[in-house]
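In the working numbering, the protein residues as written are 1 to 108. Each residue gets a CB set at the ideal place from its N, CA and C atoms; glycine is no exception. What follows is a set of notes on a single structure, which appears directly below.
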């Protein structure tokens, strides 16, 4: 599985429903941009971090994901790729989860 992440240009998940999207996080950990539907429950984190492209969960949305990536210029692609690992480190590592949990408990 990890070889597939390393060998891909981007990870595409046009899902109708994803509670979390562990495969998306695995792709981010491998510094791969993610092209996902707005039904993957971490879509907002991806969009806010600039770590991929988000589109509606429709056939047209899936086409939009693919065409947006394929027609994107090199500089914009490089920016997204640079954001992927930062997004992973900030939001999805064990350390980040522990810090978020600590802050939530501390605020009680």
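- Where residue 68 is concerned, the enclosing alpha helix (DSSP H) starts and stops at 59-70.
- In the DSSP assignment, residue 24 falls within the alpha helix (DSSP H) that extends over 22-29.
- Nearest to residue 28 by alpha-carbon distance, out of 100, 103, 85 and 107, is 85.
- Residue 45 carries a helical assignment under DSSP once its states are collapsed to helix, strand and coil.
- Distances from the CA of residue 32 to each of 54, 57 and 5 were compared; the closest alpha carbon is that of 5.
- Secondary structure at residue 104: helix, using DSSP grouped into helix, strand and coil.
- The closest CA to that of residue 10, considering only 42, 25, 101 and 90, is found on 25.
- Rounded to the nearest whole angstrom, the CA to CA distance from residue 102 to residue 77 is 35 Å.
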